[in-house]
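Chemist:
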Amino acid sequence: MTTSAISTSALSRSFGAHQALADLTLDVAQGEVFGLLGHNGAGKTTTVNLLTTLLEPTAGDASISGHSVKTDAAGVRACIGYLPENVQFYDNLTLLENLRFFARLSGLRRPDARIRDVLGFLDFTGHDTQRVGTFSKGMRQRVGIAQAVLHSPAVLFLDEPTSGLDPEGVRTLRETIVRLNHEFGMTIFMNTHLLSEVTKTCTSIGILNHGRLVHHDSMTNTLAAFPADESLEDIYFQLDSAAA
Amino acid sequence: MNTVLTSARHEILCTLRARVAVLLLVVFLGMVSLSSLIGWITNTTVTRVYEKILADGLTTAPNPFAAVSALYYSRNSVIYVVLIGALMAIILGVQATLRDRKSATVDLVLSRPVNTVARILGQFLGLGAVIAVVLAASTTISWAAIGVIIGTPLGVDPTLRLMGFAAVSWVLMMIFALLGMLTGLYSRKETTALLVPFVVWSAIAFVLPQVGTAARPVALLNPVPALAASGGTSFDLIGALTGPFAITEQFKRVASIVLRDDSVTGNPVASILLLLAVLIAMIWIVVVTPRRALRSGLNE
């Protein structure tokens with residue numbers, strides 16, 4: 000029996016009269032790579048913000064590694080890593096200074112050795128004393144991954160991680176996600192538009208439509224349930240239009 | 000404790016890497032350092048004129064500079080703290096809290112096991128350390144310059160008084176830094192975050208003292224506090240009501256007494272306590288900022 004790394008129960012969030020997320024109930028098992036799909040405004044980023052405790056739910060609850068986002072937000076934050084869409088850093092500081100700051104905020108007292116290990120894992124060495132303001136989008140994304148995994152979180156949240164990356168950057172990121180999952184058993188929750196990447200990296204998927212979860216299953220079951228469809232893209236559009 | 004220290008260290012690093020901030024710190028340091036030189040030039044010029052009119056038999060009055068304290072040469076620093084120091088502190092404060100909102104790094108920070116009170120307190124302490132170092136440097140320069148002007152090192156009492164002046168300057172500047180931090184946290188636009196504290200500063204430095212004393216605006220550029228109106232006028236009442244809020248005048252009063260300006264007498268304790276009370280109240284107001292305010296984006 001697998002235990003849930005992420006579990007939500009009727010999780011909801013409204014912004015005024017707008018219901019951004021309604022009654023989201025799902026479980027993501029430990030060690031899974033979960034892809035949350037949906038059109039713009041479907042509620043994907045709201046979901047990640049709720050699960051990372053950046054937003055408070057208006058109803059329902061969620062737990063990450065057993066910590067409730069409502070009653071134990073500090074416990075949640077201690078066991079997650081987070082890479083927001085279009086991640087930004089302190090441009091006037093060097094790579095090492097940026098990573099030291101985030102590592103110390105995560106509780107690492109002498110983080111330099113760990114930073115070297117992580118940068119080595121990401122094959123991103125030789126930039127320690129370079130200011131982050133001079134980095135390309137792809138380099139920033141790698142710094143983003145580095146800051147998110149410095150403290151070896153149990154669950155990693157990635158919000159549109161491939162946004163703005165060139166094909167090589169997308170491939171590198173995909174390989175990194177797979178390695179983090181395989182080598183460290185990290186549970187990964189990923190929002191994305193790139194269905195081709197979901198097919199290659201995710202073990203299970205969910206589809207949000209106007210704030211409601213319209214599909215949630217393993218990748219294998221999802222593909223098997225729609226034998227007539229050629230790709231995940233076809234399946235996605237079929238499920239999305241059926242829910243609309 | 001870890002978050003406080005980490006945030007403080009980070010704030011120092013970010014402040015020292017920002018060109019505008021460094022430029023402001025250098026300007027302030029330069030002006031305060033020049034204060035002694037300006038005081039010395041004033042002294043020598045007036046003394047030269049005095050000796051000329053004395054030789055011409057036009058006066059029998061004593062040289063007005065004959066009995067001034069050595070700390071007289073630091074007196075211009077008082078107004079530099081009120082004008083340049085306070086504005087510099089506002090800009091540093093705005094930058095400190097606006098930085099995370101502007102670059103959206105706030106989400107990376109808040110997704111950590113970070114207590115927001117500790118985070119903001121750390122930023123405040125980091126800024127406090129930067130301003131303390133600048134004031135320590137300016138005090139050292141003033142001490143050395145006065146020693147050169149009077150031809151002998153300053154004794155223990157005037158040295159302690161210079162240090163006391165630096166301490167009260169730190170309190171005033173940190174109040175304005177906190178004002179900047181506050182608008183940096185709550186303003187929807189960067190321009191508003193800078194303009195609002197400047198308006199508040201000008202009201203505190205110029206409007207409040209004027210409505211309570213009927214002082215001429217130019218008089219408020221003096222390093223000594225504006226004289227209170229007396230004689231049962233309505234200014235007495237207004238002055239009593241607005242006086243506690245005119246913190247720059249309270250600062251001038253303390254600084255004048257500490258720097259042995261004979262035109263201001265009395266006990267500075269009430270003014271010191273008032274400045275400390277404002278500082279503590281401002282710290283409390285800033286550190287209790289809710290997480291949702293820290294995350295609020297800018298409309299730009």
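Chain order of the listed sequences is A and B. Residue numbering for the first sequence follows numbering that gives the first Met the number 0, beginning at 0 and increasing consecutively. Residue numbering for the second sequence follows numbering that gives the first Met the number 0, beginning at 0 and increasing consecutively. A virtual CB, placed ideally from N, CA and C, is assigned to each residue, including glycine. Being a predicted model, the structure only gives us computed values, none of them experimental.
1) What residues from the region 90 to 115 of chain A come within 7 Å of chain B, judged by C-beta to C-beta, listed N to C?
2) Report back the beta-carbon spacing between Thr186 of chain A and Ala145 of chain A to the nearest angstrom; my notes put them in contact at under 8 Å.
3) Is the number of C-beta pairs between the region 278 to 292 of chain B and the region 252 to 263 of chain B that are closer than 8 Å three or more?
4) Between the Cα of Gln18 of chain A and the Cα atoms of A:Thr2, A:Gly42 and A:Leu25, which residue gives the shortest distance?
5) Under the rule that 16 or more other beta-carbon atoms within 10 Å means buried, what is Leu107 of chain B, buried or exposed?
6) If we define contact as Cβ-Cβ less than 8 Å, is Pro160 of chain A a contact residue for chain B?
7) Contact defined as beta carbons within less than 8 Å: I believe Leu178 of chain B pairs with Gly92 of chain B. What is the distance between those atoms, to the nearest angstrom?
8) Taking buried to mean at least 16 other C-beta atoms within 10 Å of its own C-beta, is Gln260 of chain A buried or exposed?
9) Taking only the alpha-carbon atoms, compute the straight-line gap between Gly154 of chain B and Gly127 of chain B and give it to the nearest angstrom.
10) Within its chain, find whatever has a CB closer than 6 Å to the CB of Thr45 of chain A; leave out the 5 residues flanking it on each side and keep chain order.
11) Name the DSSP bridge partner or partners of Ile204 of chain A?
12) Given this structure, state the Cα-to-Cα distance separating Thr221 of chain A from Ile206 of chain A, to the nearest angstrom.
13) Starting from the Cα of Arg118 of chain B, find the closest Cα among B:Asn298, B:Leu274 and B:Val3 and give me that residue.
14) Can you name the residues of chain D whose CB is closer than 7 Å to the CB of Ile144 of chain A?
15) Taking Asn298 of chain B as the reference, which of B:Ala103, B:Ile256 and B:Ser201 has the closest Cα?
16) Tell me whether Pro208 of chain B is buried or exposed, calling it buried when 16 or more other Cβ atoms sit within 10 Å of its Cβ.
17) Measuring CB to CB, does Arg16 of chain B end up less than 8 Å from Asn85 of chain A?
18) Below 8 Å, can you find three or more Cβ-Cβ pairs linking the region 48 to 60 of chain A to the region 116 to 124 of chain A?
19) Taking the Cβ atom as the reference point for each residue, do Val197 of chain A and Leu231 of chain A lie within a distance shorter than 8 Å?
20) Would you mind reading off the limits of the beta strand (DSSP E) that contains Met189 of chain A?
21) Using the DSSP secondary-structure output, state which residues sit across from Tyr81 of chain A in a beta bridge.
22) Could you check whether Arg259 of chain B and Leu109 of chain B sit closer than 8 Å to each other, using their CB atoms as the reference points?
23) Within 10 Å of its beta-carbon, does Ser105 of chain A have 16 or more other beta-carbons around it, so buried, or fewer, so exposed?
24) So, is the C-beta of Gln129 of chain A closer than 8 Å to a C-beta in chain B?
25) Quick check on the burial criterion: 16 or more other C-beta atoms within 10 angstroms. Buried or exposed for Asp239 of chain A?
26) Closer than 9 Å by beta-carbon distance: list the chain B residues that pair up with Arg76 of chain A, in chain order.
27) For the putative contact between Gly80 of chain A and Leu155 of chain A, defined by C-beta atoms under 8 Å, what is the C-beta separation to the nearest angstrom?
28) Just grab the DSSP bridge partners of Thr93 of chain A for me.
29) Taking CB distances under 8 Å as the criterion, tell me whether Ser102 of chain B reaches chain A.
30) What number of angstroms, rounded off, separates the C-alpha of Thr264 of chain B from the C-alpha of Phe164 of chain B?
31) Taking the alpha-carbon of Met173 of chain B as reference, which of B:Val268, B:Val285 and B:Leu240 has the nearest alpha-carbon?
32) Who are Ala28 of chain A's beta bridge partners in DSSP?
33) Any Cβ of chain B within less than 8 Å of the Cβ of Gly40 of chain A?
34) Would you say Phe88 of chain A reaches chain B, if we count a Cβ-Cβ gap shorter than 8 Å as a contact?
35) Could you pull out every residue in the same chain whose Cβ sits closer than 8 Å to the Cβ of Thr93 of chain A, ignoring the five residues on either side in sequence?
36) Between Thr44 of chain B and chain A, is any beta-carbon pair separated by less than 8 Å?
Modeler: From the atom records:
1) Asn91, Leu92, Glu96, Phe100, Phe101, Arg103, Leu104, Ser105 and Gly106
2) Thr186 of chain A to Ala145 of chain A, Cβ: 18 Å. No contact.
3) no
4) Closest in alpha carbon position to Gln18 of chain A, among A:Thr2, A:Gly42 and A:Leu25, is A:Gly42.
5) buried
6) no
7) 7 Å
8) As displayed, chain A neither begins before 0 nor continues past 243, which places residue 260 of chain A out of reach and without an answer.
9) 28 Å
10) Arg12, Ala19 and Leu20
11) Looking at the DSSP assignment, Ile204 of chain A forms a beta bridge with A:Gly34 and A:Asp216.
12) 11 Å
13) B:Val3
14) Here the protein chains are A and B, and chain D is not one of them.
15) B:Ala103
16) Burial state of Pro208 of chain B is buried, judged by a 10 Å Cβ sphere holding 16 or more other Cβ atoms.
17) It is not a contact, given that the beta carbons lie outside the stated cut-off.
18) When Cβ pairs closer than 8 Å are counted between the two stretches, the region 48 to 60 of chain A is seen not to touch the region 116 to 124 of chain A, the count staying below three.
19) In contact: Val197 of chain A and Leu231 of chain A (Cβ atoms closer than 8 Å).
20) Thr186 to Asn190
21) A:Phe156
22) no
23) It is buried - the Cβ of Ser105 of chain A has at least 16 other Cβ atoms within 10 Å.
24) Using a Cβ-Cβ cut-off of 8 Å, Gln129 of chain A does not count as an interface residue toward chain B, since no Cβ of chain B sits closer than that to its own.
25) buried
26) Leu109, Ser110, Arg111, Pro112 and Val113
27) 4 Å
28) A:Arg130
29) yes
30) 16 Å
31) Taking only the C-alpha atoms, the option nearest Met173 of chain B is B:Val285.
32) A:Ser3
33) no
34) yes
35) Asp127, Thr128, Gln129, Arg130 and Val131
36) Residue-level contact check: Thr44 of chain B does not touch chain A, since none of the beta carbons of chain A fall below 8 Å from its beta carbon.
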